[in-house]
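In my numbering, the protein residues as written are 1054 to 1240.
Here it is as C-alpha coordinates:
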(Lines of atoms letter the chains of each structure in order from A and count residues from 1; the text may use other names and numbers.)
(Lines give C-alpha, C1' and ligand atoms only; values in the text may rest on other atoms or scores of the structure.)
Protein backbone atom coordinates (compact mmCIF):
# COMPACT_ATOMS: atom_id res chain seq x y z
CA UNK A 1 0.00 0.00 0.00
CA UNK A 2 1.31 3.41 -0.90
CA UNK A 3 4.19 2.25 -3.09
CA UNK A 4 5.24 4.24 -6.12
CA UNK A 5 7.58 3.18 -8.90
CA UNK A 6 10.23 5.34 -7.23
CA UNK A 7 9.85 3.71 -3.81
CA UNK A 8 9.66 0.07 -5.01
CA UNK A 9 12.34 0.20 -7.73
CA UNK A 10 15.34 -0.11 -5.33
CA UNK A 11 13.88 -3.35 -3.91
CA UNK A 12 12.91 -5.17 -7.11
CA UNK A 13 16.30 -6.75 -7.68
CA UNK A 14 16.46 -8.26 -4.18
CA UNK A 15 12.82 -9.44 -4.35
CA UNK A 16 13.38 -11.43 -7.54
CA UNK A 17 15.24 -14.51 -6.32
CA UNK A 18 16.61 -17.33 -8.45
CA UNK A 19 13.86 -19.62 -7.14
CA UNK A 20 11.19 -17.08 -8.03
CA UNK A 21 12.53 -16.80 -11.58
CA UNK A 22 12.76 -20.58 -11.95
CA UNK A 23 9.13 -21.06 -10.89
CA UNK A 24 7.75 -17.92 -12.53
CA UNK A 25 4.43 -18.37 -14.27
CA UNK A 26 3.59 -14.68 -14.56
CA UNK A 27 4.65 -11.41 -13.01
CA UNK A 28 2.17 -8.57 -12.64
CA UNK A 29 3.31 -4.95 -12.41
CA UNK A 30 0.43 -2.76 -11.30
CA UNK A 31 1.84 0.61 -10.28
CA UNK A 32 0.87 4.17 -10.98
CA UNK A 33 -2.14 5.11 -8.86
CA UNK A 34 0.13 6.61 -6.19
CA UNK A 35 2.64 8.03 -8.66
CA UNK A 36 -0.15 10.04 -10.28
CA UNK A 37 -0.97 12.14 -7.22
CA UNK A 38 -1.13 15.86 -7.93
CA UNK A 39 2.31 17.15 -6.94
CA UNK A 40 1.08 20.27 -5.14
CA UNK A 41 -1.35 18.21 -3.05
CA UNK A 42 0.74 15.09 -2.30
CA UNK A 43 4.39 15.70 -3.07
CA UNK A 44 5.43 12.69 -0.94
CA UNK A 45 3.95 10.21 -3.43
CA UNK A 46 3.90 12.16 -6.68
CA UNK A 47 6.33 10.89 -9.32
CA UNK A 48 6.65 13.02 -12.46
CA UNK A 49 5.19 11.35 -15.54
CA UNK A 50 8.46 10.85 -17.45
CA UNK A 51 10.17 9.47 -14.34
CA UNK A 52 7.21 7.11 -13.81
CA UNK A 53 7.55 5.77 -17.35
CA UNK A 54 11.33 5.37 -16.99
CA UNK A 55 10.91 3.69 -13.59
CA UNK A 56 8.49 1.18 -15.12
CA UNK A 57 10.95 0.44 -17.92
CA UNK A 58 13.77 0.03 -15.38
CA UNK A 59 11.67 -2.30 -13.23
CA UNK A 60 10.87 -4.37 -16.31
CA UNK A 61 14.55 -4.34 -17.31
CA UNK A 62 15.53 -5.68 -13.87
CA UNK A 63 13.02 -8.51 -14.28
CA UNK A 64 14.34 -9.29 -17.75
CA UNK A 65 17.95 -9.28 -16.55
CA UNK A 66 16.99 -11.66 -13.75
CA UNK A 67 15.63 -14.07 -16.35
CA UNK A 68 11.89 -13.41 -16.43
CA UNK A 69 10.71 -13.43 -20.04
CA UNK A 70 8.89 -10.35 -21.36
CA UNK A 71 6.00 -12.63 -22.37
CA UNK A 72 5.55 -13.47 -18.66
CA UNK A 73 5.33 -9.84 -17.52
CA UNK A 74 1.87 -8.26 -17.37
CA UNK A 75 1.75 -4.49 -16.95
CA UNK A 76 -1.63 -3.34 -15.66
CA UNK A 77 -2.14 0.40 -16.01
CA UNK A 78 -3.47 2.39 -13.07
CA UNK A 79 -7.26 2.54 -13.00
CA UNK A 80 -9.27 5.72 -12.75
CA UNK A 81 -10.23 7.09 -9.35
CA UNK A 82 -13.31 8.81 -8.02
CA UNK A 83 -12.07 12.25 -7.06
CA UNK A 84 -15.05 13.31 -4.97
CA UNK A 85 -15.21 10.04 -3.01
CA UNK A 86 -11.45 10.24 -2.30
CA UNK A 87 -11.78 13.84 -1.12
CA UNK A 88 -14.63 12.90 1.24
CA UNK A 89 -12.67 9.88 2.52
CA UNK A 90 -9.67 12.07 3.31
CA UNK A 91 -11.89 14.64 5.02
CA UNK A 92 -13.37 11.92 7.22
CA UNK A 93 -9.91 10.55 8.00
CA UNK A 94 -8.32 13.92 8.80
CA UNK A 95 -11.43 15.57 10.29
CA UNK A 96 -10.73 18.65 8.15
CA UNK A 97 -12.00 20.28 4.98
CA UNK A 98 -10.07 19.47 1.83
CA UNK A 99 -10.51 21.84 -1.10
CA UNK A 100 -9.12 19.60 -3.86
CA UNK A 101 -8.47 15.89 -4.24
CA UNK A 102 -4.82 14.91 -4.73
CA UNK A 103 -6.07 12.51 -7.35
CA UNK A 104 -7.81 13.30 -10.59
CA UNK A 105 -8.59 11.29 -13.66
CA UNK A 106 -7.16 13.78 -16.11
CA UNK A 107 -3.71 13.25 -14.60
CA UNK A 108 -4.18 9.53 -13.87
CA UNK A 109 -5.11 8.94 -17.51
CA UNK A 110 -1.65 10.20 -18.54
CA UNK A 111 -0.04 7.61 -16.23
CA UNK A 112 -2.41 4.96 -17.56
CA UNK A 113 -1.21 5.71 -21.11
CA UNK A 114 2.43 5.78 -20.00
CA UNK A 115 2.05 2.30 -18.46
CA UNK A 116 0.62 0.96 -21.72
CA UNK A 117 3.47 2.60 -23.66
CA UNK A 118 6.11 1.16 -21.31
CA UNK A 119 4.63 -2.34 -21.69
CA UNK A 120 4.66 -2.06 -25.48
CA UNK A 121 8.17 -0.56 -25.54
CA UNK A 122 9.47 -3.50 -23.51
CA UNK A 123 7.41 -6.14 -25.42
CA UNK A 124 5.51 -7.06 -22.26
CA UNK A 125 1.90 -8.08 -21.98
CA UNK A 126 -0.84 -5.64 -21.04
CA UNK A 127 -4.62 -5.71 -21.05
CA UNK A 128 -6.31 -6.67 -24.32
CA UNK A 129 -8.98 -4.03 -23.93
CA UNK A 130 -7.34 -1.27 -21.90
CA UNK A 131 -9.82 1.42 -22.91
CA UNK A 132 -12.72 -0.80 -21.91
CA UNK A 133 -10.93 -1.39 -18.57
CA UNK A 134 -10.60 2.37 -18.00
CA UNK A 135 -14.19 3.12 -18.99
CA UNK A 136 -15.66 0.21 -17.01
CA UNK A 137 -13.69 0.98 -13.87
CA UNK A 138 -14.66 4.68 -13.98
CA UNK A 139 -17.70 4.39 -11.70
CA UNK A 140 -18.20 5.11 -8.01
CA UNK A 141 -19.64 1.61 -7.51
CA UNK A 142 -16.12 0.25 -8.10
CA UNK A 143 -14.58 2.08 -5.14
CA UNK A 144 -15.02 1.99 -1.40
CA UNK A 145 -13.28 5.34 -0.90
CA UNK A 146 -12.55 6.70 -4.36
CA UNK A 147 -9.15 4.99 -4.67
CA UNK A 148 -9.37 1.47 -3.28
CA UNK A 149 -11.65 -1.03 -4.96
CA UNK A 150 -14.97 -2.12 -3.56
CA UNK A 151 -15.88 -5.80 -3.86
CA UNK A 152 -17.53 -5.00 -7.20
CA UNK A 153 -14.48 -3.07 -8.42
CA UNK A 154 -12.09 -5.86 -7.42
CA UNK A 155 -14.23 -8.41 -9.25
CA UNK A 156 -14.36 -6.21 -12.33
CA UNK A 157 -10.58 -5.63 -12.33
CA UNK A 158 -10.14 -9.40 -11.96
CA UNK A 159 -12.30 -9.93 -15.07
CA UNK A 160 -9.85 -7.82 -17.10
CA UNK A 161 -6.69 -9.36 -15.64
CA UNK A 162 -7.56 -13.08 -15.47
CA UNK A 163 -7.80 -13.66 -19.27
CA UNK A 164 -4.27 -12.30 -19.60
CA UNK A 165 -2.97 -14.57 -16.82
CA UNK A 166 -4.75 -17.59 -18.29
CA UNK A 167 -3.14 -16.87 -21.64
CA UNK A 168 0.29 -16.36 -20.07
CA UNK A 169 0.11 -19.64 -18.14
CA UNK A 170 -1.57 -21.92 -20.68
CA UNK A 171 1.59 -24.02 -21.16
CA UNK A 172 1.77 -24.94 -17.48
CA UNK A 173 0.77 -28.52 -16.92
CA UNK A 174 -2.15 -29.14 -14.60
CA UNK A 175 -1.15 -30.98 -11.43
CA UNK A 176 -4.67 -32.17 -10.59
CA UNK A 177 -7.52 -32.81 -13.00
CA UNK A 178 -10.46 -30.43 -13.11
CA UNK A 179 -12.73 -31.16 -10.13
CA UNK A 180 -15.53 -32.25 -12.49
CA UNK A 181 -13.28 -35.06 -13.73
CA UNK A 182 -12.76 -36.47 -10.24
CA UNK A 183 -14.93 -39.33 -9.05
CA UNK A 184 -17.16 -38.83 -6.04
CA UNK A 185 -14.35 -39.93 -3.76
CA UNK A 186 -14.98 -43.62 -4.38
CA UNK A 187 -11.61 -44.19 -6.11
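Ideal Cβ positions, reconstructed from N, Cα and C, are used throughout, including at glycine.
All figures in this text were calculated on a predicted structure; none of them were measured in a lab.
| query | result |
| --- | --- |
| Contact between the region 1085-1101 and the region 1151-1160 (3+ Cβ pairs under 8 Å) | yes |
| As assigned by DSSP and simplified to three states, the class of residue 1117 | helix |
| Nearest-angstrom Cα separation, counted from residue 1103 out to residue 1164 | 9 Å |
| 9 Å Cβ cutoff met for residue 1085 and residue 1145 | no |
| CB of residue 1180 within 9 Å of CB of residue 1214, strictly | yes |
| Straight-line Cα distance separating residue 1229 from residue 1189 | 35 Å |
| Span of the alpha helix (DSSP H), counted from its first residue to its last, around residue 1225 | No alpha helix (DSSP H) holds residue 1225; DSSP gives it neither H nor E. |
| Three CB pairs or more closer than 8 Å across the region 1116-1124 and the region 1198-1218 | no |
| Distance between beta carbons of residue 1172 and residue 1100, contact taken as under 8 Å | Actually they do not touch by this definition, with Cβ atoms about 17 Å apart. |
| Cβ-based neighbour list, residue 1198, same chain, cut-off 7 Å, excluding 5 preceding and 5 following | 1138, 1139, 1142 |
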